[in-house]
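A.B. asks: Pasting a structure below so you can have a look.
Protein chains: 2
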Amino acid sequence: MSETAPEASKRRGSYAKGLVRRQQILDRAIEVFAERGAERTSLRSIADAIGVSHGALTHYFTSREQLLVEVYRASERRADETSPHPEGTSAVGVMTESARRNRTVPGLVQLYSTLVAAALEEGHPDAREFATQRFSRIRAGLAADIRAQQRSGRVRHDLDAELVASLVIAASDGLQTQWLLDETVDLEGSLGVLERVLTPPDTTPLR
Amino acid sequence: MSETAPEASKRRGSYAKGLVRRQQILDRAIEVFAERGAERTSLRSIADAIGVSHGALTHYFTSREQLLVEVYRASERRADETSPHPEGTSAVGVMTESARRNRTVPGLVQLYSTLVAAALEEGHPDAREFATQRFSRIRAGLAADIRAQQRSGRVRHDLDAELVASLVIAASDGLQTQWLLDETVDLEGSLGVLERVLTPPDTTPLR
DNA sequence: GTCTATAGGGCGATAGAC
DNA sequence: GTCTATCGCCCTATAGAC
Numbered sequence: 113m114s115e116t117a118p119e120a121s122k123r124r125g126s127y128a129k130g131l132v133r134r135q136q137i138l139d140r141a142i143e144v145f146a147e148r149g150a151e152r153t154s155l156r157s158i159a160d161a162i163g164v165s166h167g168a169l170t171h172y173f174t175s176r177e178q179l180l181v182e183v184y185r186a187s188e189r190r191a192d193e194t195s196p197h198p199e200g201t202s203a204v205g206v207m208t209e210s211a212r213r214n215r216t217v218p219g220l221v222q223l224y225s226t227l228v229a230a231a232l233e234e235g236h237p238d239a240r241e242f243a244t245q246r247f248s249r250i251r252a253g254l255a256a257d258i259r260a261q262q263r264s265g266r267v268r269h270d271l272d273a274e275l276v277a278s279l280v281i282a283a284s285d286g287l288q289t290q291w292l293l294d295e296t297v298d299l300e301g302s303l304g305v306l307e308r309v310l311t312p313p314d315t316t317p318l319r
Numbered sequence: 113m114s115e116t117a118p119e120a121s122k123r124r125g126s127y128a129k130g131l132v133r134r135q136q137i138l139d140r141a142i143e144v145f146a147e148r149g150a151e152r153t154s155l156r157s158i159a160d161a162i163g164v165s166h167g168a169l170t171h172y173f174t175s176r177e178q179l180l181v182e183v184y185r186a187s188e189r190r191a192d193e194t195s196p197h198p199e200g201t202s203a204v205g206v207m208t209e210s211a212r213r214n215r216t217v218p219g220l221v222q223l224y225s226t227l228v229a230a231a232l233e234e235g236h237p238d239a240r241e242f243a244t245q246r247f248s249r250i251r252a253g254l255a256a257d258i259r260a261q262q263r264s265g266r267v268r269h270d271l272d273a274e275l276v277a278s279l280v281i282a283a284s285d286g287l288q289t290q291w292l293l294d295e296t297v298d299l300e301g302s303l304g305v306l307e308r309v310l311t312p313p314d315t316t317p318l319r
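Chains as they are written, first to last, in our numbering: chain A, 113 to 319; chain B, 113 to 319.
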């Protein structure tokens, strides 16, 4: 993944102390965002909630946007570590699982939505890079999964894997948004429909 | 739909002049947003671009958020008027058509994304009301379309229309954001895949 | 009724003090 | 290396001019 490492390694000293402190701030920030989402997230409010000063925050993070991006990245990384998805899961299944997990931390979904919205505007390079990278990474991984499932007959073979990958991601993102706004929206139900129609008709005679 | 009419009808006078001016501002604002999207959209910048004063804007719109919501609502209304969709179009077809139209005005899609992101946060009542109403209205309309198409055999009958409606909306929204970030994403292609898998297998023996 | 001028409180970013 | 002080901009609210 290579990350944004060029800037992260600040050469000369600042080894332990600085990086540790930075990580502490990041960890605490994840909790804060998970609770309250993207609202009340001025640098001053975040600093207050974390227990550091406004200036300290800007010392470790060049901009507010960079902080938001890094918080989300760190939370994503942490989530991947705590629950790696088993080999055999279906592509839609992976997204369903991810969506289910996200339901427990609406603030992070909201943060994600904020970042994507920012990425669409010009003049937000950090957010845009984050979103672009994330989509292409997930799209590529999902497309590979789907191709494998097509070979094993669990996904219709007459569909372009790339197109399906984009579709599954879009459905997952869009449904999470709808669900956050209206809890009567059946997120897993709709994802289930998608999974069903993507599987070969022979495999499920009528079911 | 009843709209937000309680406040809109300001009783006593203010008939022509004010409402006309307000509409002029809205019309001009649509153009501005279509061009530049949600960026550079401080009330002062918008006022400048439109050719009115900052104060004039706040006279007609109670808050910045309300202005954004009304601009998007007005643009949506205008789009519906200029290109009403013919009776027979498929549900996915309607969304495809809408997506194709949106491609010519990326700024409005971006504005939409901003509004939805804001709606997910607390403390943005106007945006939330807009998003909630919009989703439930479109969902209901689409579900009705889908049920009709199920009766005429153009959509698989073994799928819950509500679930499909949410899914189609999500796919459309999600794919548009992916496309805005990366033009190599094949929006219409992915929507085509969705349409294909939603149609009954018998109708399309293999094709 | 329509709008201009102005003030208040908060923001992100930055320069310079410990 | 850490953080306080400050700058310019923002939205909102209000007072009063056309």
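In this text, a Cβ means the ideal position worked out from N, Cα and C, and glycines have one as well.
#1: Hey, does residue 302 of chain B have any beta-carbon neighbour from chain A nearer than 8 Å?
#2: Taking 8 Å as the cut-off, does the region 140-147 of chain A touch the region 155-162 of chain A (at least 3 CB pairs, one atom from each stretch)?
#3: On the CB-based measure, 16 or more other CB atoms within 10 Å of its CB, does residue 208 of chain A come out buried or exposed?
#4: So that I know if they touch, is there some Cβ in chain A lying closer than 8 Å to that of residue 232 of chain B?
#5: So, is residue 183 of chain A buried or exposed, given that buried needs 16 or more other C-beta atoms within 10 angstroms?
#6: Closer than 8 Å, CB to CB, is residue 242 of chain A near chain B or not?
#7: Between residue 255 of chain A and the rest of its own chain, which residues show a CB-CB distance below 8 Å, the 5 nearest in sequence each way excluded?
#8: With DSSP run on the structure shown, which of helix, strand or coil describes residue 280 of chain A?
#9: If distances are taken between C-alpha atoms only, which option among B:148, B:287, B:243 comes closest to residue 204 of chain B?
#10: Whole angstroms is fine: what's the gap from residue 220 of chain A's alpha carbon to residue 178 of chain A's?
#11: List the whole-angstrom C-beta distance separating residue 223 of chain A from residue 279 of chain A, where the pair is believed to meet the contact cut-off of C-beta under 8 Å.
#12: Hey, is the region 291-298 of chain A in contact with the region 237-255 of chain B, meaning 3+ C-beta pairs nearer than 8 Å?
#13: Quick check on residue 231 of chain B: buried or exposed, where buried means 16 or more other Cβ atoms within 10 Å of its Cβ?
#14: Span of the alpha helix (DSSP H) holding residue 305 of chain A?
#15: Whose Cβ in chain A lies nearer than 8 Å to the Cβ of residue 248 of chain B?
#16: Taking residue 289 of chain A as the query, report the chain B residues whose CB atoms sit under 8 Å from its CB, ordered along the chain.
#17: According to DSSP, simplified to helix, strand and coil, what is residue 187 of chain B?
#18: How about residue 235 of chain B: is its C-beta nearer than 8 Å to some C-beta of chain A?
#19: Buried or exposed: which applies to residue 290 of chain A, given that a residue is buried once 16 or more other Cβ atoms fall within 10 Å of its Cβ?
#20: Roughly how many angstroms lie between the CA atoms of residue 283 of chain A and residue 214 of chain A, to the nearest whole one?
#21: Looking at the unbroken alpha helix (DSSP H) that takes in residue 199 of chain B, where does it start and where does it end?
#22: Taking the alpha-carbon of residue 243 of chain A as reference, which of A:226, A:175, A:211 has the nearest alpha-carbon?
#23: Return no unless some Cβ of chain B is closer than 8 Å to the Cβ of residue 313 of chain A.
#24: Reducing DSSP to helix, strand and coil, say where residue 143 of chain B ends up.
#25: Let me know the secondary structure DSSP gives residue 253 of chain A once reduced to three states.
#26: Between A:194, A:148, A:228, A:168, which has its C-alpha nearest residue 135 of chain A's C-alpha?
#27: Any idea if residue 239 of chain B is buried or exposed, counting beta-carbon neighbours within 10 angstroms, 16 or more meaning buried?
#28: Which residues in the same chain as residue 197 of chain A place their Cβ atom closer than 7 Å to its Cβ, once the five residues preceding and following it in sequence are excluded?
#29: Counting only Cβ-Cβ distances shorter than 8 Å, please list the residues of the region 265-279 of chain B near chain A, keeping chain order.
#30: Of all the residues that make up the region 138-149 of chain B, which are near chain A by a beta-carbon distance shorter than 9 Å?
#31: How long is the line joining the alpha carbons of residue 149 of chain A and residue 137 of chain A, rounded to whole angstroms?
#32: Flag this pair as yes or no: are the beta carbons of residue 309 of chain B and residue 309 of chain A separated by less than 8 Å?
#33: Say yes only if the C-beta of residue 199 of chain B is nearer than 7 Å to one or more non-hydrogen atoms of the ligand PLP, and no if none qualify.
#34: Going along chain B in order, which residues have a C-beta closer than 8 Å to the C-beta of residue 298 of chain A?
#35: Short of 7 Å Cβ to Cβ, which residues in the region 147-175 of chain B face chain A?
C.D. replies: With the given structure in hand:
#1: Taking the first residue of the second sequence as 1, we reach residue 302 of chain B at position 190. Interface residue, yes.
#2: yes
#3: Taking the first sequence and counting its residues from 1, one reaches residue 208 of chain A at position 96. Residue 208 of chain A comes out buried.
#4: Taking the first residue of the second sequence as 1, we reach residue 232 of chain B at position 120. Chain A contact via Cβ: present.
#5: By one-based count along the first sequence, residue 183 of chain A stands at place 71. That one is buried.
#6: Taking the first sequence and counting its residues from 1, one reaches residue 242 of chain A at position 130. No, residue 242 of chain A lies away from the interface with chain B (no Cβ there is under 8 Å from its Cβ).
#7: In the first sequence, residue 255 of chain A corresponds to position 143, counting from 1. These residues qualify, in order along the chain: 273, 274, 276, 277.
#8: Taking the first residue of the first sequence as 1, we reach residue 280 of chain A at position 168. The answer is helix: DSSP assigns residue 280 of chain A an H, G or I state.
#9: For the purposes of this step, residue 204 of chain B is taken as residue 92 along the second sequence, with counting starting at 1. Closest by alpha carbon: B:287.
#10: Position 108 of the first sequence, counted from the start, is the residue given in the question as residue 220 of chain A. Position 66 of the first sequence, counted from the start, is the residue given in the question as residue 178 of chain A. Looking at the two C-alpha atoms, the distance is approximately 15 Å.
#11: Here residue 223 of chain A refers to the residue found at position 111 of the first sequence. Here residue 279 of chain A refers to the residue found at position 167 of the first sequence. With a Cβ gap of about 24 Å, residue 223 of chain A and residue 279 of chain A do not count as contacting.
#12: yes
#13: As a working note, residue 231 of chain B is residue 119 in the second sequence. Classification for residue 231 of chain B: buried.
#14: As a first step, residue 305 of chain A is located in the first sequence; it is residue number 193 there, counting from the start. Note, residue 305 of chain A: alpha helix (DSSP H), 299-310.
#15: Within the second sequence, the letter at position 136 stands for residue 248 of chain B. Within 8 Å Cβ-Cβ: 294.
#16: Here the question's residue 289 of chain A lines up with position 177 in the first sequence. Simply 228, 232, 282, 285.
#17: To locate residue 187 of chain B, count along the second sequence from 1; it is residue 75. Helix, per DSSP.
#18: As a working note, residue 235 of chain B is residue 123 in the second sequence. So, interface residue.
#19: For the purposes of this step, residue 290 of chain A is taken as the residue at position 178 of the first sequence. It is buried - the Cβ of residue 290 of chain A has at least 16 other Cβ atoms within 10 Å.
#20: Start at 1 with the first residue of the first sequence, and residue 283 of chain A comes out as number 171. Start at 1 with the first residue of the first sequence, and residue 214 of chain A comes out as number 102. Distance between the alpha carbons of residue 283 of chain A and residue 214 of chain A is about 15 Å.
#21: Residue numbering aside, residue 199 of chain B sits at position 87 when the second sequence is read from its first letter. Careful: residue 199 of chain B lies outside any alpha helix (DSSP H) and carries neither H nor E.
#22: To locate residue 243 of chain A, count along the first sequence from 1; it is residue 131. Among A:226, A:175, A:211, the Cα nearest to that of residue 243 of chain A belongs to A:226.
#23: Counting from 1 along the first sequence, the entry for residue 313 of chain A is found at position 201. Taking Cβ atoms only, chain B reaches closer than 8 Å to residue 313 of chain A, which makes this a yes.
#24: As a working mapping, residue 143 of chain B is identified with position 31 in the second sequence. Residue 143 of chain B falls in the helix class under three-state DSSP.
#25: Here residue 253 of chain A corresponds to residue number 141 of the first sequence, with the count starting at 1. Note: residue 253 of chain A maps to helix in three-state DSSP.
#26: Taking the first residue of the first sequence as position 1, residue 135 of chain A is located at position 23. Considering only alpha carbons, the answer is A:168.
#27: On the second sequence, residue 239 of chain B is found 127 positions in, with the first residue counted as 1. The residue in question, residue 239 of chain B, is buried, as its Cβ has 16 or more Cβ neighbours within 10 Å.
#28: Position 85 of the first sequence, counting from 1, holds the residue named residue 197 of chain A. The residues are 206, 209.
#29: 268, 270, 271, 272, 274, 275, 276, 278, 279
#30: 148, 149
#31: Counting from 1 along the first sequence, the entry for residue 149 of chain A is found at position 37. Counting from 1 along the first sequence, the entry for residue 137 of chain A is found at position 25. Approximately 16 Å between the Cα atoms of the pair.
#32: Here residue 309 of chain B refers to the residue found at position 197 of the second sequence. Here residue 309 of chain A refers to the residue found at position 197 of the first sequence. Result yes, Cβ atoms of residue 309 of chain B and residue 309 of chain A sit closer than 8 Å.
#33: Looking at this structure, you won't find the ligand PLP or any other ligand, since it has none at all.
#34: By one-based count along the first sequence, residue 298 of chain A stands at place 186. Per Cβ cutoff of 8 Å: 274, 275, 278.
#35: 149, 150, 151
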